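Asks:
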């Protein structure tokens, strides 16, 4: 039978796609991002997501399309695009200060000058008592540079958009401020407003007035200054929101002492290769992921895991790049370098999450994309309506300008990405990696959390739980002799006994004539006595038999110890429950979740562990491949399931669950399959992760409610003439600042 298969005509060739990230320049609001995204997605085979807060586009494109084509499309739309260049961190590894940005510095300079010039103009208009003869000409002198130079970014962007047949928030601001300034120029030079001794009242609402003597200089200058203030605070806050990711990417060491031919040679970290051995002295950062081959010390991993207590390490222990050696000289063999390291993968996960979009954000983007043209129509209708009803050109103009200025959709565009940036950044600082915005939606709905037992609820290592010595036998002597014999064995139970014996006795006697009896135990000669450990005794005294049977009922492994033909005691060994598991289960219950213990272990063992940590529902004796079926069965019962695991055999179940939480101490397969990665491997962090995700989602929804509500409420007020345009400008700037400030509260999450 031939093994060759002939492809059918019905099978289309699989198109290969590549992915690139572009830095987009010139975007000033959510509608700009929506336009760029729309233009890129119109290219055949291209899928693009543009994030206004991060000013980046993530683009998937097919063969036949070049990155240059993508950049050209963005440029044709009226914006700039380039591939990001990785910035070299400072020699001391510190992150840039929030203001160490040329664009931010230029914006601040423009804001300061505009605010100083606009302040007297606003005061003259708002406080008639300050109006002296010819005050209006001083106002014009001060307002002109604010409108022309201070507002230049808005006018330039509006003109660029007009040339491309589009309109954005800059269009609203530019048209509104230039109209107010133009009206004032007409009133001053061609009307009565330039007359010496002219006085101008200030009102919060639209009123009838003589157009020839009405000035809007305070509107033109004040709105420009307010919006520049909003832009500056917004830009500064966006940098602060992304500070956690920048700090994460800059944590690594810059150079390393590599061992070459027995001598230490300092080289840049990027010249390190897998298999190289390097020295880490106390106080130094570990250059890359590796395994300790010599020395002992303590490693502070708080910058990656949020865990403040240093962890002791010795030969054979794995260490992570960017963590700090707090004591002892270590020789480490590099196992991962560059983009494969844990730190690099964490940074990629966080950045991908920040660049993603939740479903609620897609709705906001669609609204922002059509919002500006709709507002221009509303402004025109407002002008026409007021003119038709009242015949008052001044009142009609004032109301129309107020509509233009108050309607900016900036807050709408910032609502989701800023909260996502701060939430994921804070999560990274606490050792919680959120893979994407859609994960947040899942955390809200989850009602059941399935906990894998081994390595998640328990340590995954056998430990000696109890020592029972028969009457007339010294407990310390029993443990010392058993430990000496078990020290020569590699069995997990033997290692648990030997470790506790070493801890108690400090030193163990040598063993002669050691013999391993397969499936039953070990025996040998220790200090002249024939010692046996395991199931090598045919009969046991009643008290030892009772202890052994009880230990087995409790799900522990019972080991009988004796010498010279007599059983002398029982050792109970089990996979120990983590110190934090009881509190973790309590926290999960407090979040309204029902915990379920899932394991392939015997039911007695599982029920003993469940009883210890406070779990009522146990699913035991499950084969690794059946874990997916268990998750599916729970989902079929109408439950929304979160799964916490750490092993290869958990990966499929993590992927199947509505929310997968992978312990960072586990396997790569589990981490790849999870939606949330808990870097520290502490089950309590699972509750923190769900709390942080829910808090971030609540912040996003609060921001959107504010942004939508603000525009829905403000537009009718402006159209009805109940808002002075300058007050409208201040309110619009405040709405964006409010949304970003609300998101920044997530930085305080504990």
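Residue numbers (this note's numbering): 16 to 765.
Here a beta-carbon is modelled for each residue, glycine too, at the ideal position from N, C-alpha and C.
Note that the structure is a prediction, hence the values are computed from the model and not measured.
1. CB-CB under 6 Å to residue 86, same chain, minus the five flanking residues each way: which ones, in chain order?
2. May I have the straight-line CA-CA distance separating residue 752 from residue 251, to the nearest angstrom?
3. So which of 674, 88, 168 and 577 has the shortest CA-CA distance to residue 456?
4. Residues in the same chain with beta-carbon distance under 7 Å from residue 577, minus the five sequence neighbours each way, listed in chain order, please.
5. Cβ atoms of residue 542 and residue 579: under 9 Å apart, would you say?
6. Within the continuous alpha helix (DSSP H) that includes residue 472, where are the two ends?
7. With residue 465 and residue 613 assumed to form a contact (beta carbons below 8 Å), what rounded beta-carbon distance in angstroms separates them?
8. Could you have a look at residue 127 and say whether DSSP puts it in helix, strand or coil?
9. Spatial neighbours of residue 757 within its chain, please: CB distance less than 7 Å, with the 5 preceding and 5 following residues excluded, ordered by chain position.
10. Only counting the same chain, and skipping five residues up and downstream in sequence, which positions put a Cβ closer than 7 Å to that of residue 764?
11. Inspect the CB distances between the stretch 71-86 and the stretch 43-63 and report whether three or more fall short of 8 Å.
12. Specify the secondary structure class of residue 4 as computed by DSSP and reduced to three states.
13. Below 6 Å CB to CB, which residues in the same chain sit around residue 195 once its five sequence neighbours on both sides are set aside?
14. Taking 9 Å as the cut-off, decide whether the C-beta atoms of residue 735 and residue 390 are in contact.
15. Work out the CA separation of residue 327 and residue 303 for me, nearest whole Å.
16. Leaving out five residues on either side along the sequence, give the residues of the same chain with a beta carbon under 6 Å from the beta carbon of residue 148.
17. Mind checking whether residue 418 and residue 405 have CB atoms under 9 Å apart?
18. Use the C-beta contact count for residue 122: other C-beta atoms within 10 angstroms, 16 or more gives buried, fewer gives exposed.
19. Thinking C-beta only, is residue 573 closer than 9 Å to residue 588?
20. Under a three-way DSSP split, which group does residue 352 fall into?
21. How many whole angstroms separate the CB atoms of residue 6 and residue 38, which I take to be in contact at a CB cut-off of 8 Å?
22. I need the straight-line Cα distance from residue 696 to residue 591, nearest angstrom please.
23. Suppose contacts are defined by Cβ-Cβ distances below 9 Å. Is residue 349 in contact with residue 310 by that definition?
24. Does DSSP classify residue 447 as helix, strand or coil?
25. Looking at residue 333: is its Cβ nearer than 9 Å to the Cβ of residue 296?
26. Once you ignore the five residues that flank residue 41 on each side, which residues in its own chain have a CB closer than 6 Å to its CB?
27. Given a threshold of 16 other Cβ atoms within 10 Å of its Cβ, counted over all protein chains shown, does residue 621 qualify as buried or as exposed?
28. Which whole-angstrom value describes the C-beta separation of residue 449 and residue 691, a residue pair presumed to lie in contact below a C-beta threshold of 8 Å?
29. Only counting the same chain, and skipping five residues up and downstream in sequence, which positions put a Cβ closer than 7 Å to that of residue 15?
30. Quick one: measure Cβ to Cβ for residue 65 and residue 48, integer angstroms, because I've assumed they're closer than 8 Å.
31. Can you name the residues that DSSP bridges to residue 39?
32. Tell me whether the stretch 468-487 and the stretch 720-729 touch, counting them as touching only if at least three CB pairs, one residue from each stretch, are closer than 8 Å.
33. Which first and last residues belong to the alpha helix (DSSP H) in which residue 642 is found?
34. Pull up the distance between the alpha-carbon of residue 79 and that of residue 171, whole angstroms please.
35. Under three-state DSSP, which class holds residue 141?
36. Please tell me whether residue 634 and residue 645 are closer than 9 Å, where the distance is taken between their beta carbons.
Replies: Quick answer:
1. Cβ within range, chain order: 96.
2. In this structure, the alpha-carbon of residue 752 lies about 10 Å from that of residue 251.
3. Comparing alpha-carbon positions, the option among 674, 88, 168 and 577 lying closest to residue 456 turns out to be 674.
4. Contacts found: 547, 552 and 583.
5. Cβ atoms of residue 579 and residue 542: not closer than 9 Å.
6. Where residue 472 is concerned, there is no enclosing alpha helix (DSSP H), given that its DSSP letter is neither H nor E.
7. About 5 Å; that satisfies the 8 Å criterion.
8. Helix at residue 127.
9. Within the same chain, and ignoring the five residues on either side of residue 757 in sequence, the residues whose Cβ sits closer than 7 Å to its Cβ are 714, 717 and 718.
10. These residues qualify, in order along the chain: 441, 707 and 710.
11. The stretch 43-63 and the stretch 71-86 touch, with three or more beta-carbon pairs separated by less than 8 Å.
12. Summary: the structure shown does not reach residue 4, with the chain confined to residues 16 through 765, and so no result is reported for it.
13. Closer than 6 Å at the Cβ level, and outside the excluded window around residue 195, lie 231, 234, 235 and 416.
14. Result no, Cβ atoms of residue 735 and residue 390 do not sit closer than 9 Å.
15. Taking the straight line joining both Cα atoms gives about 18 Å.
16. The answer, listed in chain order, is 211 and 212.
17. Cβ distance not < 9 Å, so residue 418 and residue 405 don't count as in contact.
18. That one is buried.
19. Judged by beta-carbon spacing, residue 573 lies within the 9 Å limit of residue 588, meaning their Cβ atoms are closer than that value.
20. Coil.
21. Coverage of the chain is limited to positions 16 through 765, which leaves residue 6 absent and any answer about it impossible.
22. One C-alpha to the other measures close to 15 Å.
23. Result no, Cβ atoms of residue 349 and residue 310 do not sit closer than 9 Å.
24. Three-state DSSP puts residue 447 in a strand.
25. At least 9 Å separates the beta-carbon of residue 333 from that of residue 296.
26. Once the five neighbours on either side are set aside, the close Cβ partners of residue 41 are 94 and 95.
27. Burial call: buried.
28. Confirmed, Cβ separation roughly 6 Å.
29. Given a span of 16 to 765 for the chain in the structure shown, any question on residue 15 remains unanswerable.
30. Sure, about 4 Å apart at Cβ, within 8 Å.
31. BP columns for residue 39 point to 96.
32. With the cut-off at 8 Å, the stretch 468-487 and the stretch 720-729 do not touch.
33. Membership of residue 642 in the alpha helix (DSSP H) is indicated by the continuous run 642-651.
34. When rounded, the separation of the alpha-carbon atoms in residue 79 and residue 171 is 34 Å.
35. Helix at residue 141.
36. Yes, they are a contact pair.
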